[in-house]
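Asker: Mind having a look at this structure? Questions to follow.
Residue numbers (the numbering used here): 1398 to 2051.
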């Protein structure tokens, strides 16, 4: 069973060779989300990820040691102990009774100190920072009176001490300085603000897990500061109702920059993220999310934005995505709330996403060079974006494979400008179940050709999805599986230029992220004219105009092996199908022993039943062709196709 993990990002486009067959593509109609009763916690050096996990009674937790050092999983009260786990080893325990179960690693901590974690079973209270009883998320009362201001370091020596002293509604105001700490927030409705965005720096020193981690504490806003060099995330909200990250800078962290998981009613704005091997900005595992990402900049990440299974009142708007491996990538995976659906992507400038030196994980690399990618999602609206100079596709919709194959459906791409893309400005991969459409876009190239005619939003004349688009990604996926893909090192990401300050940071009152009242807040989508003016006046980190790739039948001729893979994956099944039809009809024409009615009946089966009609006739229609020849024509040809395609894939990978 594939286990859900917080913040899993985009799965690669591992479309197995059998998916090349139009039959499978056509028959992949509906994929149902899977429910899970297992969760995974990673043992890293030296922290648990995630640090806090809330589960239902009866759920099994599996701890997997992915760190280089040995670790243990030991309950604070001694009720369970994994023993020493070496790299690659795993241990699991099933939790049947509700309660809070804190644990630690005996080799790198003690109860409440060092490498620690917490399992919360059932709907029970999670203690806040001061050890008092907490309240489950979504139930904390909103403060009705102004709070006090706690100044760091004047009144509290560290940000964590300031947070621990604070009550709901308070402002923790942080003076300039470098703060080498992880801040765990469990007190709701706090505002944590730096006096100077560029000079208040949380520093993970490449050994701490997260910069600021907000767990089951509703309404926490973090403003006007920088997080760098954390092994996982810069700023992280988990399982909250109400969150906001404003005027933030995150760079050179080991997973995500600004990150919300399993959280609703939120907003990220006026923020910057660079140098993350997963995504600069992430909102995932929520529906409806009631969230907005507005006026942010993502540069030199694997993905600028990633959102797994996130949608429903979710808007990614008015932002710049450039110099990443890929720009904006909402996606579906086999975790909770699948499929991804119902997001708005509008008013964005998405350009030059082709950074081969950006830090990148294996699963992300196949999306290289795509501006906006809907990976297995549905019911999304891509509207009024300026998408230029991306070396693979400008705007693309592709199926995504996890344990299940997730096809796209009912996505609309309207009124965008997509130009100067390496393969195609607009692309729709197969299989596409139904309803994906394009209208009013300004573009030069598309796959399939005439995409707004074949898959128009106002009048659709064909059910289309270009197999070449899907198979064109297989070579890159093969490279990723074999470890043959470029990637930079997040630990050497340079400090970005000074970013704009939050106005009135020293004097503005606390502004907690009260759900529905303060967040997600309003936005106005920029027009294409405004985007063009911004592009004309800006000096950016993009890579410039993308070179056009040489293509044949939509397959990029990047190398001999990738061409073979594409041609066998795309062309050969069509040729084989045409051959089956021709031979079947020829055989029926010459079979004089058949009545006219029976002959016409079999011809109808051959011509009308998609893909299966000719094999049905050849195998069960009493054909006079030698039986061994017929079997070879059907099964032998398919076997040869699969062997050659698999061989090309493996050679490309290894």
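The C-beta atom is built at its ideal place from N, Cα and C for all residues, glycine as well.
Between residue 1392 and the rest of its own chain, which residues show a CB-CB distance below 6 Å, the 5 nearest in sequence each way excluded?
Answerer: Residue 1392 is absent from the model: the chain starts at 1398 and stops at 2051.
Asker: Sort 1793, 2004, 1881 and 1563 by Cα distance to residue 1866 and report the nearest one.
Answerer: By 1-based counting over the chain shown, the position of residue 1866 is 469. Residue 1793 is the option with its Cα nearest to residue 1866.
Asker: Kindly identify the DSSP beta-bridge partner or partners of residue 2062.
Answerer: Because the chain here runs from 1398 to 2051, residue 2062 falls outside it and cannot be looked at.
Asker: Under a Cβ-count criterion, where at least 16 other Cβ atoms within 10 Å of its own Cβ denotes burial, should residue 1756 be classed as buried or exposed?
Answerer: Residue mapping note: residue 1756 aligns to position 359 of the chain shown, counting from 1. With 16 or more other Cβ atoms within 10 Å, it is buried.
Asker: Alpha carbon to alpha carbon, how far is residue 1461 from residue 1487? Give it in angstroms, no decimals.
Answerer: As a first step, residue 1487 must be located in the chain shown, where it is residue number 90. As a first step, residue 1461 must be located in the chain shown, where it is residue number 64. Cα to Cα, the separation comes out at about 4 Å.
Asker: Between 1733, 1498, 1780 and 1604, which has its C-alpha nearest residue 1745's C-alpha?
Answerer: Numbered from 1 along the chain shown, position 348 holds the residue referred to as residue 1745. Of the listed residues, the one whose Cα sits closest to residue 1745 is 1780.
Asker: Please classify residue 1424 as buried or exposed, where buried requires at least 16 other C-beta atoms within 10 Å of its C-beta.
Answerer: Here residue 1424 corresponds to residue number 27 of the chain shown, with the count starting at 1. In this prediction, residue 1424 has a pLDDT of 34, which is less than 50 and means its spatial position is unreliable; nothing more can be read from the coordinates.
Asker: In angstroms, rounded to a whole number, what distance separates the CA positions of residue 1855 and residue 1806?
Answerer: Start at 1 with the first residue of the chain shown, and residue 1855 comes out as number 458. Start at 1 with the first residue of the chain shown, and residue 1806 comes out as number 409. Those two C-alpha atoms are separated by around 16 Å.
Asker: Is the beta carbon of residue 2004 less than 8 Å from the beta carbon of residue 1998?
Answerer: Here residue 2004 refers to the residue found at position 607 when the chain shown is read from its first residue. Here residue 1998 refers to the residue found at position 601 when the chain shown is read from its first residue. No.
Asker: Starting from residue 2014, trace the alpha helix (DSSP H) both ways and give me its first and last residue.
Answerer: Numbered from 1 along the chain shown, position 617 holds the residue referred to as residue 2014. Note, residue 2014: alpha helix (DSSP H), 2010-2017.
Asker: Would the beta-carbon of residue 1906 fall within 8 Å of that of residue 1543?
Answerer: Along the chain shown, read from residue 1 onward, the residue named residue 1906 stands at position 509. Along the chain shown, read from residue 1 onward, the residue named residue 1543 stands at position 146. Contact flag set, yes.
Asker: Quick check: the Cα distance between residue 1648 and residue 1672, rounded to an integer number of angstroms?
Answerer: Here the question's residue 1648 lines up with position 251 in the chain shown. Here the question's residue 1672 lines up with position 275 in the chain shown. About 5 Å.
Asker: Is it right to say residue 1986 is buried, meaning 16 or more other beta carbons lie within 10 angstroms of its own, or is it exposed?
Answerer: As a working note, residue 1986 is residue 589 in the chain shown. So residue 1986 ends up on the exposed side.
Asker: If you compare alpha carbons, which of 1694, 1494 and 1482 is closest to residue 1646?
Answerer: Here residue 1646 is taken as the residue at index 249 of the chain shown, counted from 1. Among 1694, 1494 and 1482, the Cα nearest to that of residue 1646 belongs to 1694.
Asker: Give the single residue among 1443, 1522 and 1595 whose Cα lies nearest to the Cα of residue 1899.
Answerer: Position 502 of the chain shown, counting from 1, holds the residue named residue 1899. Nearest of 1443, 1522 and 1595 to residue 1899, Cα basis: 1595.
Asker: Which runs of the alpha helix (DSSP H) spanning at least 4 residues fall entirely within the region 1799-1855, listed in chain order?
Answerer: For the region 1799-1855, whole alpha helix (DSSP H) runs of length 4 or above, ordered along the chain, are 1848-1851.
Asker: In whole angstroms, what separates the C-alpha of residue 1651 from that of residue 1628?
Answerer: Translated into positions along the chain shown, residue 1651 becomes position 254. Translated into positions along the chain shown, residue 1628 becomes position 231. Cα to Cα, the separation comes out at about 4 Å.
Asker: Can you tell which of 1498, 1540, 1569 and 1774 has its C-alpha closest to the C-alpha of residue 1551?
Answerer: Translated into positions along the chain shown, residue 1551 becomes position 154. Nearest option by C-alpha distance: 1569.
Asker: Would the beta-carbon of residue 1668 fall within 8 Å of that of residue 1643?
Answerer: If you number the chain shown from 1, residue 1668 lands on position 271. If you number the chain shown from 1, residue 1643 lands on position 246. Closer than 8 Å, so yes.
Asker: Is the beta carbon of residue 2055 less than 8 Å from the beta carbon of residue 1497?
Answerer: One cannot answer for residue 2055 here, as it falls past the ends of the chain, which runs 1398 to 2051.
Asker: Which one of 1557, 1587, 1563 and 1566 has the shortest CA to CA distance from residue 1577?
Answerer: Here residue 1577 refers to the residue found at position 180 of the chain shown. Per the Cα distances, 1557.
Asker: Based on Cα-Cα distance, which residue from 1617, 1601 and 1618 lies nearest to residue 1624?
Answerer: Here residue 1624 is taken as the residue at index 227 of the chain shown, counted from 1. Among 1617, 1601 and 1618, the Cα nearest to that of residue 1624 belongs to 1601.
Asker: Considering only the alpha carbon of each residue, which of 1728, 1912 and 1762 lies closest to residue 1777?
Answerer: As a position in the chain shown, residue 1777 is number 380, starting the count at 1. Cα-wise, what sits closest to residue 1777 is 1728.
Asker: For residue 1974, name the three-state secondary structure that DSSP assigns.
Answerer: As a working note, residue 1974 is residue 577 in the chain shown. DSSP places residue 1974 in helix when its eight states are reduced to three.
Asker: Are residue 1739 and residue 1705 closer than 8 Å when you measure CB to CB?
Answerer: What you label residue 1739 is simply residue 342 of the chain shown in a count that begins at 1. What you label residue 1705 is simply residue 308 of the chain shown in a count that begins at 1. No, Cβ-Cβ distance for residue 1739 and residue 1705 is not below 8 Å.
Asker: For the alpha helix (DSSP H) holding residue 1460, just list the boundary residues, first then last.
Answerer: Numbered from its first residue, the chain shown carries residue 1460 at position 63. Run containing residue 1460: none in the alpha helix (DSSP H); it sits in the beta strand (DSSP E), 1456-1462.
Asker: I need the straight-line Cα distance from residue 1589 to residue 1620, nearest angstrom please.
Answerer: For this step, residue 1589 is matched to residue 192 along the chain shown. For this step, residue 1620 is matched to residue 223 along the chain shown. Using only the alpha carbons, I get a separation of about 6 Å.
Asker: Tell me which same chain residues have a C-beta within less than 7 Å of the C-beta of residue 1521, skipping the five on either side of it?
Answerer: In the chain shown, residue 1521 corresponds to position 124, counting from 1. Cβ within range, chain order: 1495, 1496 and 1497.
Asker: Would you check if there are 3 or more beta carbon pairs closer than 8 Å linking the region 2030-2043 to the region 1969-1981?
Answerer: They touch, by the three-pair rule.
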